[in-house]
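First residue of the sequence shown? That's 2 in the numbering used here, and the numbers climb one at a time after it. Since the structure comes first, as structure tokens, the remarks are kept for the end.
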Amino acid sequence: MLGKPQCEKVEFVRSDMWQSFLEMIAHHCPNAFNIFDRFRVLARMNKAIDEVCPAHGSRRL
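Written out as structure tokens, the structure is:
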């Protein structure tokens, strides 16, 4: 496990979009830029498109 000085030096973190991970990263690595897993981003985008435009649900990004 990294100590506080090392965590503050972390510049990038890759994670999925689970709230517990986001909270942990924000708490322990406040200077880190969080890079989301592109699969999760696209899945959320497709779900939002399906909810807003159900007629276009078959068109995926």
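Using N, Cα and C, we set each Cβ at its ideal position, and we do this for glycine too.
Proximity of residue i and residue j at Cβ, strictly below 7 Å
i: Met25; j: Arg41; result: no
Candidates the options: closest to residue i by CA position
i: His29; options: Ser21, Cys8, Gln20, Met46; result: Cys8
Nonlocal neighbours in the same chain, by C-beta distance under 8 Å from residue i, ignoring five residues either side
i: Ser16; result: Phe22, Leu23, Ile26, Asn35, Ile36, Phe37, Asp38
i: Gln20; result: none
Close Cβ partners of residue i (< 7 Å) along its chain, the five nearest in sequence each way excluded
i: Asn33; result: Reading the sequence as shown, one finds Ala at residue 33 and not Asn. Correct list, in chain order: Val11, Glu12, Phe13, Val14, Ile26.
i: Met2; result: none
Beta-bridge partners of residue i, as assigned by DSSP
i: Val14; result: Asn35
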